[in-house]
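This report concerns only the one structure given below.
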Amino acid sequence: MSLCNAKFKCLTISRRAEVNSKTFSSPLNGNIERADFQNISSDEQQCFLYVCGLQYSKNVDVRHGVLSGSERGPNITLLDVITEYHQIGNPKKDTALIREGLQTNPQFNDY
1214 MSLCNAKFKC LTISRRAEVN SKTFSSPLNG NIERADFQNI SSDEQQCFLY VCGLQYSKNV
1274 DVRHGVLSGS ERGPNITLLD VITEYHQIGN PKKDTALIRE GLQTNPQFND Y
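Residue numbering for the sequence shown follows my numbering, beginning at 1214 and increasing consecutively.
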């Protein structure tokens, strides 16, 4: 697992109802150690918090794409992440609009 993904996993971990606090703390501590939060810049913190906020299922592809782009290292900025989010997300919107147009205008299916 990459350092970037370890940080993301750590920030999004949650305790299930059937798991007690002691059982939950062990993997949490391991994730924190792997994530190496001691060496994270404030820009990286902002980026990870932004990506962690993309929780809707429709954002899964975008979230993974942004995380992959975040592998660039500590020089990444929130503006970089937002730009990448729009670059990944907009083609999906365009595709959805085209599909919707083809469904509502079947005469275009012949092209």
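We put the CB at the ideal spot given by N, CA and C, even for glycine.
Identify, in the order they occur along the chain, each residue of the same chain with its Cβ nearer than 6 Å to the Cβ of residue i, setting aside the five sequence neighbours on each side.
i            : result
residue 1278 : 1301
Count the other C-beta atoms from every protein chain shown that fall within 10 angstroms of the C-beta of residue i, then say buried if there are 16 or more, exposed otherwise.
i            : result
residue 1324 : Residue placement at residue 1324 is poorly supported in this model, since its pLDDT is 47, which falls under 50; the coordinates still yield a value, given next. Exposed, by the Cβ-count rule.
residue 1276 : buried
residue 1270 : exposed
Could you tell me whether the Cβ atoms of residue i and residue j are closer together than 8 Å?
i            : j            : result
residue 1204 : residue 1264 : Because residue 1204 is not part of the residues shown, which for the chain are 1214 to 1324, the question remains open.
residue 1291 : residue 1259 : yes
residue 1257 : residue 1289 : yes
In its own chain, which residues sit with a C-beta less than 7 Å from the C-beta of residue i, not counting the 5 before and 5 after it?
i            : result
residue 1186 : The shown model of the chain, from 1214 to 1324, leaves out residue 1186, and the question about it has no answer.
residue 1226 : 1241 and 1244
residue 1224 : 1261 and 1265
residue 1267 : 1275 and 1276
**Message:** Measuring CB atoms only, is the segment 1243-1256 touching the segment 1220-1228, in the sense that at least three cross pairs come out at less than 8 Å?
**Reply:** yes
**Request:** State whether the segment 1230-1237 contacts the segment 1251-1260, with contact taken as three or more CB pairs (one from each stretch) at a distance under 8 Å.
**Result:** no
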